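In this note's numbering, the protein residues as written are 1 to 201.
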Ligand SMILES: [Zn+2]
C-alpha cells in the first residue's frame, strides 16, 4: 500500500495555444493530499513521482483531466426558470441550491430561450502545466482522517490558531461539509476571506 503524501507545488496552466488559464498565486503554492482526488488525475500521477525541487512540463489529456465534452450536458431553458432576470453569454450559474450543484455556463441567448452548458469549461482540452514541486512529506494521521492537507498556506489557509478549522466542529447547516476538499466549508473558518480554501476547484 502506497503512502499518501502531502505535496505542495507551484503551477501555471496553459492551453495548447499557450494562453495562461490559471496559476498558483505568487508565493502560495497549492498543497494537496494525494490519493483522494483533490486535483486532476493526470497531474497527480506525475506529481507523486517527482522530487521536491523538480520542475517539469506536464501535459494532461482530457481523459485524465476534465473529461470530454458531452452534448447531453447542454440544455435550453426558459429564462423564467433561472434565478435572475437577465443573462448574457459567458455568465455562470449554479444549477441548484446545493453548493455541490453543477456549474452551468450560458452559451447562447435567444429571446427567453437560454442555452446552458454544464460541461467543464476545460472539457476536451489538453492541459499544459508547468509545475514546480516545492515540498513533499508523508501525510499525518489527522490529514488522512480528514481527507485533506493541513498546513501553512495551503488548505485551511493556515490562519487562525488551531490549524484546521474543520476539526471536530461540524457545521450544522452544512450536511455535505465533510466531503468538500478543503476543510469542507470555508464558512466556518475564522476570519478568512470568503471561501477560505486555497484549492482552485
Ligand atoms: Zn482538516
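Glycine included, each C-beta is placed from N, C-alpha and C at the ideal position.
Quantities reported herein were computed from a predicted structural model and do not represent experimental measurements.
Relative to the non-hydrogen atoms of ligand 1, the Cβ of residue 146 comes within a distance shorter than 7 Å of at least one. Collapsing the DSSP output to three states places residue 114 in a strand.
In the structure shown, the three-state DSSP call for residue 105 is strand.
Of the candidates 50, 65, 112, 101, 112 places its Cα closest to the Cα of residue 80. Taking the CA atoms as reference points, residue 139 sits about 32 Å from residue 121. The three-state secondary structure of residue 141, taken from DSSP, is helix. Bridge pairing for residue 55: 132 [DSSP]. A distance criterion of 7 Å places the beta-carbon of residue 100 beyond contact range of ligand 1, judged by its closest non-hydrogen atom. Taking 8 Å as the cut-off, the beta carbon of residue 42 is found closer than this to the beta carbon of residue 61.
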